[in-house]
Amino acid sequence: MTNPHRLRAQGATLAYGDRTVTTDLDLSIATGKVTAIVGANGCGKSTLLRALSRLIAPRSGQIVLDGKDLHRLPAKEVARVLGLLPQSPIAPEGIVVSDLVGRGRHPHQRLLAGWTAKDYASVAAALEATGTVALADRPVDELSGGQRQRVWIAMALAQETDILLLDEPTTFLDLAYQLEVLDLLTDLNRSRGTTVVMVLHDLNLAARYADELVAMKDGAVVAQGDPGDVVTRELIASVFGLECRVIADPVSGAPLVLPSGRHHVAT
Numbered sequence: 075m076t077n078p079h080r081l082r083a084q085g086a087t088l089a090y091g092d093r094t095v096t097t098d099l100d101l102s103i104a105t106g107k108v109t110a111i112v113g114a115n116g117c118g119k120s121t122l123l124r125a126l127s128r129l130i131a132p133r134s135g136q137i138v139l140d141g142k143d144l145h146r147l148p149a150k151e152v153a154r155v156l157g158l159l160p161q162s163p164i165a166p167e168g169i170v171v172s173d174l175v176g177r178g179r180h181p182h183q184r185l186l187a188g189w190t191a192k193d194y195a196s197v198a199a200a201l202e203a204t205g206t207v208a209l210a211d212r213p214v215d216e217l218s219g220g221q222r223q224r225v226w227i228a229m230a231l232a233q234e235t236d237i238l239l240l241d242e243p244t245t246f247l248d249l250a251y252q253l254e255v256l257d258l259l260t261d262l263n264r265s266r267g268t269t270v271v272m273v274l275h276d277l278n279l280a281a282r283y284a285d286e287l288v289a290m291k292d293g294a295v296v297a298q299g300d301p302g303d304v305v306t307r308e309l310i311a312s313v314f315g316l317e318c319r320v321i322a323d324p325v326s327g328a329p330l331v332l333p334s335g336r337h338h339v340a341t
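According to the numbering used here, the sequence shown holds residues 75 to 341 in order.
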């Protein structure tokens with residue numbers, strides 16, 4: 075599947091009240107690739123993702139989708155192209171899993187029109203892909219944190235957008251499910267050409283799964299490119315304040331960061 079959509083930040087200054095998070099930030103998202111945004115807590119990575127998803131408007135500059143100001147486009151038009159899984163989504167009280175996942179189909183439905191076969195098929199496929207079929211009739215508020223996270227990802231998949239933004243999609247998940255979710259997103263990218271942009275705390279998982287890595291520090295993009303080029307001992311020291319060794323991951327060949335800690339010296 076060809077994905078023609080292009081998303082970028084152009085001279086974007088992002089702020090909350092009097093607190094400026096980024097100033098004149100420029101970033102082009104690699105179309106049809108998996109991009110991971112990494113950096114220390116408070117560096118602005120989640121704020122950037124919120125701006126890319128139109129949750130916050132730039133104080134100055136623009137977020138541009140296909141050459142147009144994202145904030146001037148109709149909301150439903152944007153929702154057909156761009157999907158978001160925020161960091162701490164909140165489900166309506168009492169809603170069951172199948173209904174929540176079904177909400178991902180709203181951008182594709184016409185006013186007062188009923189569900190189509192395509193809608194039902196998309197929801198079923200999303201439940202199957204995330205291993206949540208058995209949870210379909212369960213209230214979301216009765217699920218564990220890991221189960222809820224997979225259900226939210228199912229809703230994002232059901233939306234069937236060409237660009238998918240995820241803020242910490244592996245939160246609450248055990249390691250096996252973290253890998254399962256990242257494998258799922260990779261499959262989505264490879265089979266449909268979906269542009270995937272995710273904020274991740276785990277640098278090693280980011281380096282393993284991302285085609286492109288964006289490293290942020292103090293509200294600025296300090297490096298962008300192939301993980302093998304971005305993840306260096308010097309960058310980790312600068313961005314994370316961490317002494318480490320960087321070796322080749324024996325499983326994937328991607329860079330693997332081995333932190334030194336106070337009682338060990340990197341050589």
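Even glycine gets a Cβ: it sits at the ideal position worked out from N, Cα and C.
- In the structure shown, the three-state DSSP call for Thr260 is helix.
- Note that the C-beta distance between Thr105 and Arg80 is below 7 Å.
- Shortest Cα-Cα distance from Asp241 to any of Val271, Ala250, Val108 and Val214 involves Val271.
- In the DSSP assignment, Ser134 is bridged to Thr87.
- With a 10 Å radius around the Cβ and a threshold of 16 neighbouring Cβ atoms, Ile237 comes out buried.
- Judged by their CB atoms, Ala289 and Val304 are nearer to each other than the 7 Å cut-off.
- Beta-carbon to beta-carbon, Leu256 and Thr244 are separated by about 7 Å, close enough to satisfy the 8 Å threshold.
- When DSSP states are grouped into helix, strand and coil, Gln221 belongs to the helix group.
- Contact between Val152 and Leu158 is absent: CB atoms are separated by about 10 Å, not below the 8 Å threshold.
- Per DSSP, Glu202 is one residue of the alpha helix (DSSP H) stretching across Ala191 to Ala203.
- For Pro160, the closest C-alpha among the options Tyr90, Arg128, Ser218 and Val325 is that of Arg128.
- Per DSSP, the beta bridge partners of Asp143 are Val138.
- Looking only at Pro181, Ala284, Asp215 and Ala131, the smallest Cα-Cα distance to Gln233 is reached by Pro181.
- Counting of Cβ neighbours within 10 angstroms places Ser196 among the buried residues, the total reaching 16 or more.
- Going by DSSP, Val296 is part of no alpha helix (DSSP H) but of the beta strand (DSSP E) stretching over Ala294 to Gly299.
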